[in-house]
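Novice:
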Amino acid sequence: MTTDLDPHKLLTFIKQARSYNALAKGMILYTCRNGARYSGLACVLSLLVDRMEHDSCLTVPLVVGSVKSIRPEVIPTVDQYRVLYDVLQRSTDTAQYGNVGNFTTATKSSDLSLDKDANTYANL
57 MTTDLDPHKL
67 LTFIKQARSY
77 NALAKGMILY
87 TCRNGARYSG
97 LACVLSLLVD
107 RMEHDSCLTV
117 PLVVGSVKSI
127 RPEVIPTVDQ
137 YRVLYDVLQR
147 STDTAQYGNV
157 GNFTTATKSS
167 DLSLDKDANT
177 YANL
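In this note's numbering, the protein residues as written are 57 to 180.
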């Protein structure tokens, strides 16, 4: 049995589900007909995206392992494991960070001049 494991679609789905949850201030229940294969993927992705947005640091095997300890059928294939990383990559590529929102690049070479004496880290 195959399913659509497109990272773009999965990320859109997870973000949409999380936005509904934020409005309702409740819990999300993911279900699938075979038990935990695809609902488990959605749960793990939701956890990972949440951790990525709030902690900026995560360990995918640790999150997967903690969910698998409760439900061993979660993330049963290498393809699903790969999808986790692909979705996280897409999430970080499309994220807008507050500290670079109004970043503009210098267009003149004179604007890019670096003074080694003024750089405190250059002398270390």
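Just so you know, even glycine gets a beta-carbon here, dropped at the ideal spot from N, CA and C.
As the structure is a computational prediction, the values presented were derived from the model and not from experiment.
On a Cα-Cα basis, can you pick out the residue from E109, L114, L140, R89 that is closest to A151?
Specialist: E109
Novice: L114: which of L101, P63, I126 sits nearest, CA to CA?
Specialist: That would be L101, whose Cα lies nearest to the Cα of L114.
Novice: From D142 to C99, what does the alpha carbon distance come to, in whole angstroms?
Specialist: 16 angstroms
Novice: To the nearest whole angstrom, what separates the beta carbons of L61 and R146, a pair I think is in contact under 8 angstroms?
Specialist: Contact doesn't hold; Cβ gap of about 12 angstroms is too wide.
Novice: Going by DSSP in three states, V130 sits in which element: helix, strand or coil?
Specialist: coil
Novice: Does DSSP classify K81 as helix, strand or coil?
Specialist: Per DSSP, reduced to three states, the secondary structure at K81 is coil, with no helix or strand assignment.
Novice: Using only the alpha-carbon positions, how far apart do D111 and L104 sit?
Specialist: 10 angstroms
Novice: I'd like the ranges of any alpha helix (DSSP H) spanning at least 4 consecutive residues and lying wholly in the segment 82-127.
Specialist: 93-111, 116-126
Novice: Would you say the beta carbon of V119 is closer than 7 angstroms to some non-hydrogen atom of the ligand ADP?
Specialist: Looking for the ligand ADP in the displayed structure turns up nothing, as the structure carries no ligands at all.
Novice: So, is S169 buried or exposed, given that buried needs 16 or more other C-beta atoms within 10 angstroms?
Specialist: Caution is warranted here: a pLDDT of 45 is assigned to S169, below 50, making its placement in the model unreliable, and the coordinate value is therefore given only provisionally. So S169 counts as exposed.
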